[in-house]
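Take a look at the structure below.
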Amino acid sequence: MRPPIDLHLRYSLVHQKPEIWAPIVQIGLRHGKKSFGAMGLLDTGSSWTIIGTKYADPLRMDWRNAEQMTFIGFGNAKNVGHKMRLTLVLSACKYVWEADVLVSEAGNPFPFILLGHQGFFENFDVTFQTRRRYLRIQKD
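Just so you know, we're using the working numbering here: the sequence shown kicks off at 618 and counts up by one.
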């Protein structure tokens, strides 16, 4: 049995002028024997956790042959994503889980992985206090 998670984190400053703060966490990505870290934006408006192909290619993910889906996001109603299984690590507490994510070229210009309901929020209880630039991630 895993110990419970109770992370208290501050938002990150993502833009100086105008000053913009966002709920961002360090995420490890693993596929096969390859792994590396990335920054993930907790995006309650995203149905899926979406990673750009710029993250999938170094992990040698065979995303081009995976199940294809369309999704709305990034200012486009018909983005193409490829459903893949990936190991994710919440770096702050070293919590590891397997998740279905969408790999999409549409995510490449974005500086973060989008952590959405499928793949992230389904695994945790998350509380936002945006006014205080604070978030809490819990899991029993």
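Beta carbons are placed, not taken as given, at the ideal position from N, Cα and C, and that holds for glycine. Fair warning: this is a prediction, and the values are worked out from it, not measured in the lab.
Taken atom to atom, the span from the alpha-carbon of Ile689 to that of Trp680 is near 19 Å. Taking 9 Å as the cut-off, the beta carbon of Ala709 is found closer than this to the beta carbon of Val642. Taking a 10 Å sphere around the C-beta of Asp674, we find fewer than 16 other C-beta atoms and assign the residue as exposed. Contact between Gly662 and Ser721 does not hold, since the beta-carbon distance rounds to 16 Å and is not under 8 Å. Taking the CA atoms as reference points, Val713 sits about 23 Å from Gly724. The beta carbons of Val706 and Trp665 sit about 19 Å from each other, so the pair does not count as a contact at 8 Å.
In the three-state DSSP reduction, Tyr672 falls in the helix class (H, G or I). Per the C-alpha coordinates, the member of Ile754, Asn693, Gly692 positioned closest to Leu732 is Ile754. Per DSSP, the unbroken beta strand (DSSP E) holding Trp714 starts and ends at 712 to 721. Straight across, the Cα-Cα distance linking Tyr751 with Gly657 is about 15 Å.
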